[in-house]
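These notes are about the structure you will find just below.
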């Protein structure tokens with residue numbers, strides 16, 4: 005009986021409309037990037053950080069195609085966080101994917117986590133995409 009009650013409470017709390025965790029948001033963002041769903045990925049970007057048309061154009065013309073992303077660790081500090089990722093991506097002219105680790109920055113705004121664009125140019129591309 006106690007087990008059944010705790011299971012019901014767990015399910016109820018997951019449906020309570022609580023904001024998604026950083027891990028859930030980061031995973032959804034990178035799944036959208038892997039699948040080429042750039043408009044979905046844009047929804048995770050920090051509001052006001054880049055125009056949607058600019059973001060979509062930059063990523064659509066990027067030479068890098070992400071094929072896999074695994075979260076290695078998450079470091080939250082108040083309303084800022086770093087997500088360490090292990091990514092695999094394809095580059096033009098290479099016959100196989102490249103693997104590397106990278107840090108992804110996130111910020112919490114009004115209780116919701118948003119992806120922060122890389123500082124170098126704030127163009128929505130990672131260091132791998134910039135070459």
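Numbering (our numbering), first residue to last: 5 to 135. Every residue gets a Cβ at the ideal spot worked out from N, C-alpha and C, and that includes glycine.
- Put simply, the backbone Cα of residue 50 is about 8 Å away from that of residue 111.
- Considering only 59, 90, 85 and 39, the residue with the shortest C-alpha distance to residue 46 is 59.
- Residue environment: residue 99 is assigned as exposed (fewer than 16 neighbouring CB atoms within 10 Å of its CB, all protein chains considered).
- Secondary structure remark: continuous beta strand (DSSP E) runs of at least 3 residues inside the stretch 46-95, in chain order: 69-81 and 84-94.
- Secondary-structure assignment with DSSP links residue 112 through a beta bridge to 117.
- DSSP, read as helix, strand or coil, puts residue 98 in coil.
- In this chain, the alpha helix (DSSP H) harbouring residue 32 covers 26-38.
- Closest in alpha carbon position to residue 35, among 118, 83, 73 and 115, is 73.
- The Cβ atoms of residue 75 and residue 87 lie closer than 7 Å to each other.
- With a threshold of 16 other beta carbon atoms within 10 Å, residue 82 falls short and is exposed.
- Measuring C-alpha to C-alpha distances from residue 62 to each of 52, 77, 42 and 107 identifies 42 as the nearest.
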